[in-house]
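Structure first, then comments.
Protein chains: 2
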Amino acid sequence: MNVIEAIYSRRAVKHFDAKHRMSEEEERKLFEAVIQAPTSFNIQHWRFLVLRDPELRAKIRTELGNDQSQMTDASLLVLFTADVKAWQKEPQRYWKNAPQEVSDLLVGWMGPFHEGREWLQRDEAQRSIGMAMQTMMLAAQELGYQSCPMIGFDIEKVAELVKLPEDQVMGPMVAIGKGTKDPWPKPGQLPLSEVVFENSFA
Amino acid sequence: MNVIEAIYSRRAVKHFDAKHRMSEEEERKLFEAVIQAPTSFNIQHWRFLVLRDPELRAKIRTELGNDQSQMTDASLLVLFTADVKAWQKEPQRYWKNAPQEVSDLLVGWMGPFHEGREWLQRDEAQRSIGMAMQTMMLAAQELGYQSCPMIGFDIEKVAELVKLPEDQVMGPMVAIGKGTKDPWPKPGQLPLSEVVFENSFA
Chain A
0 MNVIEAIYSR RAVKHFDAKH RMSEEEERKL FEAVIQAPTS FNIQHWRFLV
50 LRDPELRAKI RTELGNDQSQ MTDASLLVLF TADVKAWQKE PQRYWKNAPQ
100 EVSDLLVGWM GPFHEGREWL QRDEAQRSIG MAMQTMMLAA QELGYQSCPM
150 IGFDIEKVAE LVKLPEDQVM GPMVAIGKGT KDPWPKPGQL PLSEVVFENS
200 FA
Chain B
0 MNVIEAIYSR RAVKHFDAKH RMSEEEERKL FEAVIQAPTS FNIQHWRFLV
50 LRDPELRAKI RTELGNDQSQ MTDASLLVLF TADVKAWQKE PQRYWKNAPQ
100 EVSDLLVGWM GPFHEGREWL QRDEAQRSIG MAMQTMMLAA QELGYQSCPM
150 IGFDIEKVAE LVKLPEDQVM GPMVAIGKGT KDPWPKPGQL PLSEVVFENS
200 FA
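Going down the list, the sequences are from chains A and B. Residue 0 is where the first sequence starts when you use numbering that gives the first Met the number 0, and the numbers rise one by one after that. Residue 0 is where the second sequence starts when you use numbering that gives the first Met the number 0, and the numbers rise one by one after that.
And the structure:
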C-alpha cells in the first residue's frame with residue numbers, strides 16, 4: 000500500500016474482531032516501524048505500554064474507558080507515554096554511533112535546550128507521541144489492519160493503574176485490529192483555506 | 000513507495016537544493032494529505048503557516064534560526080501551530096456532515112472534555128501537530144522529497160514575527176525539499192526492550 004493510500008484510508012475504526020490474533024511478528028514489525036519516528040535530538044523519549052492482560056483491558060474499558068469496545072476487542076492496545084526527563088538520562092546513548100564531535104555537539108545542546116523549560120519538555124513529549132502514533136497507524140494500514148486513537152478515558156486513573164513513572168506524561172491509547180464495520184464518511188473536513196496561511200497570521 | 004519503506008527512508012535531511020521549485024500541485028497534494036491526519040473530536044485545530052517570502056526566511060535563518068540552511072534552501076517551509084481554543088469556535092462545523100444525533104453527541108462531549116483542562120488542550124494540540132508533521136513528512140517521501148523537522152529556533156520571537164494569534168500555540172517547522180547529501184546513519188537507536196513495556200510500568 001502506498002503512503003497516500005494509507006493516509007486517506009486510515010480512519011478511526013470503532014469495531015474490531017475480538018477473535019482475531021495478531022502474530023508476534025506483526026506486532027514486532029509495527030513497533031520496529033514506530034521507533035523510526037523522529038524525535039528532537041534523537042531523544043527517543045516515548046515509552047509504549049502494551050495493554051495485553053484481558054482482565055486489565057476489561058477493567059479499563061468498564062471502569063475508566065466509557066465502555067469503548069475497542070479497548071477489549073482490538074488485537075493490540077498500546078498506551079503512549081513519554082519521559083519528559085529523558086534529556087537528563089545518559090543522553091550520550093542517543094548518539095553513541097555518531098562521530099565523537101557530532102555526538103559531543105548534539106548532547107551538549109540537549110541540556111540548555113530543555114533546562115528550565117518545562118513547557119517545552121512537555122510539548123516535545125506530546126509531539127513525539129503524535130508522530131509515533133501516526134507512524135503506528137499508517138504501518139498498521141499496510142499490514143492489513145485498522146486502528147483507532149483514543150483519549151476518551153480517565154487519564155489520571157489509568158496513569159495510577161499502570162504505575163506511570165514520575166517523569167512520564169500520559170498520551171492516548173492506540174487500538175489496532177481487524178475492523179468489522181466501515182467507518183462513517185468524514186464528518187466535516189475544513190477547507191485548506193481555513194487552516195493554511197502564508198508568511199503571517201495577520 | 001509503500002508505507003514501511005517511507006517510514007524507514009525518512010530521515011532528517013540537513014541540506015536541500017535551493018534551486019528546486021515545488022509545483023503548486025505537489026504542494027496542494029501534500030497539504031490535502033496532511034489534513035487527513037486524525038484529531039480528537041475531528042477538531043482539526045492545526046494551523047499551518049507556509050513561510051514563502053525569501054526575505055522572511057532569510058531573517059528567520061540568520062536572526063532566529065541558528066543559521067540552519069534548510070530554512071532558506073527547502074522548497075517548502077511550514078510552521079506548525081494549533082488553536083487550543085478551537086473547541087469553543089463553532090464546533091458544529093467539525094461534524095456538519097454527520098447524522099444529527101452523532102453530531103449532537105460529539106459536539107456535546109467536546110465542551111466538558113476540554114473545559115478547565117488547559118494542560119489537556121495543549122497536549123492535544125501538540126499531539127495533533129505531531130501526527131500532522133509525520134503525515135507531511137511521509138507523504139513527501141512518496142512524492143520524491145526529503146524533509147527535516149526543526150525546533151531549533153527562537154520560538155517566542157518567531158511567534159511574534161509571524162503574529163501568532165492569541166489562542167494558538169507554536170510547534171516546530173517542517174522543511175521539505177530535494178536533499179543534496181545523504182543523512183548520517185542512525186546515531187543510536189534504543190532497543191525495543193528499553194521503550195516497550197507490558198501491562199504495567201512497575
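Even for Gly, the Cβ is constructed at its ideal location relative to N, Cα and C.
Check: Members of the segment 43-68 of chain B that neighbour chain A once the beta carbon cut-off is set at 8 Å; Outcome: 43, 45, 46, 47, 48, 49, 50, 51, 52 and 55
Check: Closest by C-alpha distance to residue 11 of chain B, when choosing among A:41, A:9, A:6 and A:33; Outcome: A:41
Check: Where the segment 178-192 of chain B meets chain A: residues whose CB sits under 8 Å from a CB there; Outcome: 183, 184, 185, 186, 187, 188, 189 and 191
Check: Proximity winner among B:9, B:141, B:45 and B:19, relative to residue 195 of chain A (alpha-carbon distances); Outcome: B:45
Check: Bounding residues of the alpha helix (DSSP H) (the contiguous stretch that carries residue 102 of chain B); Outcome: 99-113
Check: 8 Å contact criterion, which residue 75 of chain B and residue 136 of chain B should meet: CB distance rounded; Outcome: Incorrect: roughly 11 Å between the Cβ atoms, too far for contact.
Check: Backbone CA spacing between residue 146 of chain B and residue 33 of chain B [nearest angstrom]; Outcome: 14 Å
Check: Buried/exposed call for residue 140 of chain B, threshold 16 Cβ in 10 Å; Outcome: buried
Check: According to DSSP, residues forming a beta bridge with residue 11 of chain A; Outcome: A:146
Check: Three-state secondary structure assigned by DSSP to residue 75 of chain A; Outcome: strand
Check: Beta strand (DSSP E) runs wholly inside the segment 3-62 of chain A, at least 3 long, in chain order; Outcome: 45-49
Check: Chain B contact for residue 140 of chain A (CB, 9 Å cutoff); Outcome: yes
Check: Proximal residues of chain B, C-beta to C-beta of residue 83 of chain A below 8 Å; Outcome: In chain order: nothing, as chain B lies at least about 12 Å away.
Check: First through last residue of the beta strand (DSSP E) which encompasses residue 170 of chain A; Outcome: 167-176
Check: Assigned exposure category for residue 91 of chain B - 16 Cβ within 10 Å defines buried; Outcome: exposed
Check: Where residue 61 of chain A falls, given that 16 or more other Cβ within 10 Å makes a residue buried; Outcome: exposed
Check: Any chain A beta carbon closer than 9 Å to residue 157 of chain B; Outcome: no
Check: Proximity test, Cβ basis, 9 Å: residue 105 of chain A and chain B; Outcome: yes
Check: Assigned exposure category for residue 93 of chain B - 16 Cβ within 10 Å defines buried; Outcome: buried
Check: Expected contact under 8 Å - CB spacing of residue 151 of chain B and residue 125 of chain A to nearest Å; Outcome: Their Cβ separation, rounded to whole angstroms, is 18 Å, which puts residue 151 of chain B and residue 125 of chain A out of contact at 8 Å.
Check: Residue 96 of chain A and residue 187 of chain B closer than 9 Å at C-beta; Outcome: yes
Check: Buried versus exposed, by CB contacts within 10 Å (16 or more), residue 163 of chain B; Outcome: buried
Check: Contact under 9 Å by Cβ, residue 16 of chain B with residue 72 of chain B; Outcome: yes
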